[in-house]
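Report on one structure; see the data block that follows.
In my numbering, the protein residues as written are 8 to 355.
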């Protein structure tokens, strides 16, 4: 009776270093072997759970196992916490592509999506593809928390504490929901080779000089009025205080701002779904010497096709996106100066 928990560390089992890319490209055989073992060594209902990138090898494993299994299945389905079901992170400003396994997944599953999580506004795309594949798929939105909410120390945030305390009861409810759902009778074929991660080492020119989306957002500072892109070169930096690489590049961004003081150069940051109160608390410890706009609902980041944080864009004096980067870099560097100076020298 009761819960029996099996914790599986696939990266350790495969002797792989811990990285998002290694998780994303894991095959499904290890997960399939775990499901087989659970059927052999326990007579309980089986439910799988994973978070972030690990749902991709989980889905591959469920699909592989269901194709070969003979007998009466006790697998109710899978619970995916804030899943990132996309292929390798694209260049900043390009649309991410869903991993092919999503379109081949038709076993019952529940997605637990934090309301302020980074993939919140891409869940419609995910669910539509799962439903098209025939999956009895459900989504549960967790209010007022972000990704990793149950990984943080208890008591720091009342919303996270409440959401974490509710997890065991929700698992019971999700299992009942998935047990009642129909199991697949058709095995969906898939021709799958994991896509290679884009080799991004720094700021890169974009192929199409698309107009930069408008930034009609309120600012943490309250009295800042974004002047627009015309007549100035503008660096737009998307970030969040909970993102360590974002925080690491702040000092070099401050120095870059200082270097181009007095020239037609603007540096503005867009914070992802944090309040002005949180940001004021943060900037008392770590100075940010440029305006911080508040993307409170995450829609501005979606408009700019921001997939990972930090992501930054350089906009020319005609309002066109010319360069982008989807990782933290050293902005206080000669090659960055040369790019900005070149754009400043261009005629509009």
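Quick reminder that beta carbons are idealized off the backbone N, C-alpha and C, glycines included.
Check: Burial state of residue 180 (16 or more Cβ within 10 Å); Outcome: exposed
Check: Start and end residues, alpha helix (DSSP H) containing residue 220; Outcome: Element bounds for residue 220: n/a, residue is neither H nor E.
Check: Straight-line Cα distance separating residue 103 from residue 97; Outcome: 6 Å
Check: Simplified DSSP assignment, three categories, for residue 58; Outcome: strand
Check: Distance CB(residue 39)-CB(residue 72) smaller than 8 Å; Outcome: yes
Check: Beta-carbon proximity check, residue 335 vs residue 256, cutoff 8 Å; Outcome: yes
Check: Short Cβ contact (8 Å threshold) for residue 84 with residue 185; Outcome: yes
Check: Where residue 305 falls: helix, strand or coil (DSSP); Outcome: coil
Check: Residue(s) in a DSSP beta bridge with residue 244; Outcome: 276, 319
Check: Expected contact under 8 Å - CB spacing of residue 331 and residue 245 to nearest Å; Outcome: Not confirmed; about 10 Å, so no contact.
Check: Cβ neighbours of residue 322 in the same chain (closer than 6 Å, five flanking residues each side left out); Outcome: 219, 236, 241, 328
Check: Buried or exposed (CB count within 10 angstroms, at least 16 for buried), residue 319; Outcome: buried
Check: Closest Cα partner of residue 271 within the set 162, 43, 238, 277; Outcome: 238
Check: Closest Cα partner of residue 193 within the set 142, 146, 299; Outcome: 142
Check: Residue 92 versus residue 187 - alpha carbon distance; Outcome: 25 Å
Check: The beta strand (DSSP E) enclosing residue 48, as first and last residue numbers; Outcome: First-last for residue 48: 36-48, but that is the alpha helix (DSSP H), not the beta strand (DSSP E).
Check: Residue 224 vs residue 286 beta-carbon contact at 8 Å; Outcome: no
Check: Between the CA atoms of residue 182 and residue 50 - distance to the nearest angstrom; Outcome: 15 Å
Check: Residue nearest to residue 78 in terms of C-alpha spacing, selected from 88, 63, 43; Outcome: 43
Check: Segment contact flag, the segment 246-253 with the segment 270-284, C-beta cutoff 8 Å, min 3 pairs; Outcome: yes
Check: Straight-line gap, residue 292 to residue 108 (C-alpha atoms, nearest Å); Outcome: 43 Å
Check: For residue 87, the residue or residues it bridges with in DSSP; Outcome: 57, 118
Check: Assumed close pair residue 211, residue 338 - CB separation to whole angstroms, cut-off 8 Å; Outcome: Contact flag wrong, Cβ pair sits at about 14 Å.
Check: 8 Å Cβ cutoff met for residue 117 and residue 86; Outcome: yes
Check: DSSP three-state assignment for residue 283, whether helix, strand or coil; Outcome: helix
Check: Cut-off 7 Å between Cβ atoms - residues of its own chain near residue 315, not counting five sequence neighbours on either side; Outcome: 96, 333
Check: Endpoints, the beta strand (DSSP E) within which residue 328 is located; Outcome: 328-332
Check: Cα-Cα separation between residue 348 and residue 274, rounded to whole angstroms; Outcome: 14 Å
Check: Alpha carbon of residue 157 to alpha carbon of residue 12, nearest angstrom; Outcome: 17 Å
Check: First through last residue of the alpha helix (DSSP H) which encompasses residue 144; Outcome: That residue, residue 144, is in no alpha helix (DSSP H); its beta strand (DSSP E) goes 144-149.
Check: Outcome for residue 63 when other beta-carbon atoms lying within 10 angstroms are tallied against a minimum of 16; Outcome: buried
Check: 8 Å CB neighbourhood of residue 310 in its chain, flanking five on each side removed; Outcome: 220
Check: Collapsed DSSP secondary structure at residue 93 in the structure displayed; Outcome: strand
Check: Closest Cα partner of residue 137 within the set 23, 112, 58, 289; Outcome: 112
Check: Whole-number beta carbon distance between residue 20 and residue 37, since they are thought to touch under 8 Å; Outcome: 6 Å
Check: Same chain only: Cβ atoms within 6 Å of residue 148, ignoring 5 sequence neighbours per side; Outcome: 120, 122
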